[in-house]
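> Here it is, the structure, as structure tokens.
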Amino acid sequence: MKRVPLKRTTVLISRKPLPRFSAKRSREQRTYSALRQAFLENNPTCAWPDCSELATTVQHSAGRVGERYLDVLTWRPSCWHHNAWAEDHPLEARAAGFSVARLAVR
Ligand SMILES: [Zn+2]
726 MKRVPLKRTT
736 VLISRKPLPR
746 FSAKRSREQR
756 TYSALRQAFL
766 ENNPTCAWPD
776 CSELATTVQH
786 SAGRVGERYL
796 DVLTWRPSCW
806 HHNAWAEDHP
816 LEARAAGFSV
826 ARLAVR
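Written out as structure tokens, the structure is:
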């Protein structure tokens, strides 16, 4: 059998890589960034009971899916330690009022 080199029959299309975030999410992130900065300036200390550390991040007590991402009412100012702790111990964080069950929020 005679071997024939393969020949491309279609034209190569240079494709742009997919954007990392949608246009909608990019707009939300800009809003979030401004809200977050103002929130942390107005709430400078960690909301965890008996913690007086500087709040460096936002605990999204009801999660950050959909409209909850920008819902400031569900945000809690938090130090890095307690934010990580709440993620690692969801049941204890809920018991302390630092987090709520995602399905309980409407
Ligand atoms: Zn703390």
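All residue numbers for the sequence shown refer to our numbering, where the first residue is 726 and numbers rise by one.
Ideal Cβ positions, reconstructed from N, Cα and C, are used throughout, including at glycine.
Remember, it's a predicted structure, so these values are computed and weren't measured experimentally.
#1: Can you name the residues that DSSP bridges to T770?
#2: What are the boundary residues of the beta strand (DSSP E) that includes P815?
#3: Report the option in V783, H806, C804 and L731 whose CA atom is closest to the CA atom of V797.
#4: Cβ-heavy atom distance between W773 and ligand 1 below 6 Å?
#5: Residue range of the beta strand (DSSP E) that R801 falls in?
#6: Within 8 Å, do at least three Cβ pairs link the segment 728 to 743 to the segment 763 to 772?
Based on what the coordinates show:
#1: Working through the sequence shown from its first residue, we reach residue 770 at position 45. In the DSSP output, where bridge partners are listed per residue, T770 has L779.
#2: In the sequence shown, counting from the first residue as 1, residue 815 sits at position 90. Here P815 belongs to no beta strand (DSSP E); instead the alpha helix (DSSP H) covers P815 to A820.
#3: Stepping through the sequence shown from its first residue, residue 797 is reached at position 72. The residue with the shortest Cα to Cα distance from V797 is V783.
#4: Residue mapping note: residue 773 aligns to position 48 of the sequence shown, counting from 1. True, at least one ligand heavy atom lies under 6 Å from that Cβ.
#5: Translated into the one-based positions of the sequence shown, residue 801 becomes position 76. Run containing R801: W800 to S803, per the beta strand (DSSP E) assignment.
#6: Flag = no, the segment 763 to 772 and the segment 728 to 743 do not touch.
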